[in-house]
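Accompanying notes for the structure given below.
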Amino acid sequence: MSFKFKNHHFITTIEELKQYLPLSKDEEKVIKEIHKIHPMKITKYYLSLINPKDEKDPIKKMIIPSKGELDLEGDYDASCESSNVKTVGLQHKYPQTALILTTNRCTAYCRHCFRKRLAGLPSNEVVRRFKESIDYVRNHKEIDNIILSGGDALALTSEVLEKFFEEISTIPHVKYIRIASRVPVVFPERINKGHKLIKMVKKFTKKKRICLVTHFNHPREITKESVRAVKRFLDAGATAYNQTVLLKGVNDKADILAELWNKLIEVGVLPYYLFQCRPVKRVKKHFSVSLEKGVKIFSDAKKKTHGNIICRRIKYCMSHAEGKAEIIGIIGKDIYFKWHQNKNQNDFESFFKRRLKKDAIWLDDLH
Ligand code: SF4
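Following the working numbering, the numbering of the sequence shown begins with 17 at its first residue and continues without gaps.
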């Protein structure tokens, strides 16, 4: 049986939202203003995680539009993704990896989204003819893995996903498929045992390694429902990894990150990146933490994690236009980086440093 996305799962208007969450007149005004430009969509499940009495609730900050989102500093395509597009909807930035924007839809719209330019909006960046992407990958034998992203790949119906999986399975040099999704976090009921999605994962894990890449940002998102959703993927033979974004007012404390990573490991999800929040319009001012603070938070958090190899492997990274820069640390007046990935293969794995500036949040702020 295929999962049916129904309107009653989601809240998309202020009128509905007010029935669940008290809103001041000012909040209403701001939501209305933002809603004209960027959609609001919240699952009832995720809304239930908000503490309505706490104005600074971190879950609320991630999902309810607020004043900070009116700030236009930044760039809608901060990592210059457009420069990596090879066919409509397919990005090829690093030799081994193809990234496919499978949809512009999500099951909930996160206010910190770095693809705000397309999430829930009309977009010509999303794949139109999947076959075209497949042909590109087939002709590029260096590609050994594909990321199905968006929007949220699990916002697609299982029938559409199955077609994608079938096509990808015919390419011998592709060894694994990554499904990038926040669905386990915001809409876990989508991952139901009896539904087609899990049966499909079970079937295709026999052909390709399938990896669920989740996006848990706060320990309060780890609930019995989200754990059950992830476990269904694991039981079907997939692996699960997590990427967290460092967000001001959400998880910019060492204790919170350490608790998040420790809990993730306990439930079988392997945390591997802490991402610096990209300087995206309507996100930058609202969510970014300075590099100086980020280095300290990351290092303190790691010291509080369980003493296992998985925690030791977590890296603090920045998805820059040039590549993925690992943020190593600060010595004196300098901040040190290493190219964990780079568009230019000659720079791959190389170290570099920049003079640190107090409020810098991105590599381009440093000279
Ligand atoms: S689910 Fe992912 S793509 Fe969709 S709004 Fe959230 S962060 Fe953006």
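No residue lacks a Cβ here, since even glycine has one placed at the ideal position from N, Cα and C.
CA-to-CA distance, residue j to residue i, given in whole angstroms
| i | j | result |
| --- | --- | --- |
| E16 | F146 | Past the edges of the chain, shown from 17 to 383, lies residue 16, and the structure says nothing about it. |
| F130 | I313 | 21 Å |
| M17 | V176 | 14 Å |
| L134 | F367 | 33 Å |
| R248 | H383 | 47 Å |
| I187 | D251 | 25 Å |
| V93 | V190 | One detail in the question is off: residue 93 reads as Asp in this sequence, not Val. If you take the alpha carbons of D93 and V190, they lie about 28 Å apart. |
| N120 | A171 | 9 Å |
| I50 | P38 | 18 Å |
| E308 | K60 | 37 Å |
| L63 | K331 | 30 Å |
| N278 | A376 | 29 Å |
| D151 | T173 | 23 Å |
| E148 | K157 | 16 Å |
| P111 | S165 | 18 Å |
| I347 | G310 | 14 Å |
| E182 | I53 | 36 Å |
| N161 | S40 | 47 Å |
| K83 | I27 | 20 Å |
| P235 | N155 | 42 Å |
| T221 | K212 | 14 Å |
| V285 | R225 | 16 Å |
| E43 | R127 | 15 Å |
| R298 | S304 | 11 Å |
| D380 | Q107 | 22 Å |
| T29 | C122 | 16 Å |
| R206 | P138 | 24 Å |
| M56 | W378 | 28 Å |
| E32 | A124 | 15 Å |
| Y352 | D268 | 21 Å |
| R244 | K264 | 28 Å |
Burial state of residue i (16 or more Cβ within 10 Å)
| i | result |
| --- | --- |
| K374 | exposed |
| P74 | buried |
| D168 | buried |
| R371 | exposed |
| Q35 | exposed |
| K385 | The structure shown does not extend to residue 385, since the chain is modelled only from 17 to 383, so the question has no answer here. |
| K359 | buried |
| R329 | exposed |
| D87 | exposed |
| P204 | buried |
| N233 | buried |
| P295 | buried |
| K300 | buried |
| S242 | buried |
| F21 | exposed |
| H336 | buried |
Any non-hydrogen atom of the ligand MG closer than 6 Å to residue i Cβ
| i | result |
| --- | --- |
| C126 | Among the ligands modelled here, namely the ligand SF4, the ligand MG does not occur. |
Distance cut-off 6 Å: residue i Cβ against heavy atoms of the ligand SF4
| i | result |
| --- | --- |
| D151 | no |
| D168 | yes |
| A94 | no |
| C122 | yes |
| R194 | no |
| A135 | yes |
| C129 | yes |
| R198 | yes |
Min CB distance residue i to chain C below 7 Å
| i | result |
| --- | --- |
| C227 | Chain labels in this structure do not include chain C; a single protein chain is all it has. |
Stretch pair the segment 306–318 + the segment 142–151: three plus CB contacts closer than 8 Å: no
Which parts of the segment 109–160 are runs of the beta strand (DSSP E), unbroken and 3 residues or longer, counting only runs that do not cross its ends? 113–117
Taking three-plus beta-carbon pairs below 8 Å as touching, is the segment 72–80 in contact with the segment 115–123? Touching, no.
Runs of 3 residues minimum, wholly inside the segment 286–368: which ones carry the beta strand (DSSP E) assignment? 286–292, 331–335, 339–347 and 350–358
Which runs of the beta strand (DSSP E) spanning at least 3 residues fall entirely within the segment 240–290, listed in chain order? 255–262
State whether the segment 254–262 contacts the segment 55–72, with contact taken as three or more CB pairs (one from each stretch) at a distance under 8 Å. no
So within the segment 169–211, which uninterrupted alpha helix (DSSP H) runs reach at least 4 residues, ignoring any that extend past its ends? Within the segment 169–211, the complete alpha helix (DSSP H) runs of at least 4 residues are 174–185 and 199–202.
4 or more residues per run - each alpha helix (DSSP H) lying fully within the segment 33–94: 41–51, 60–63 and 74–79
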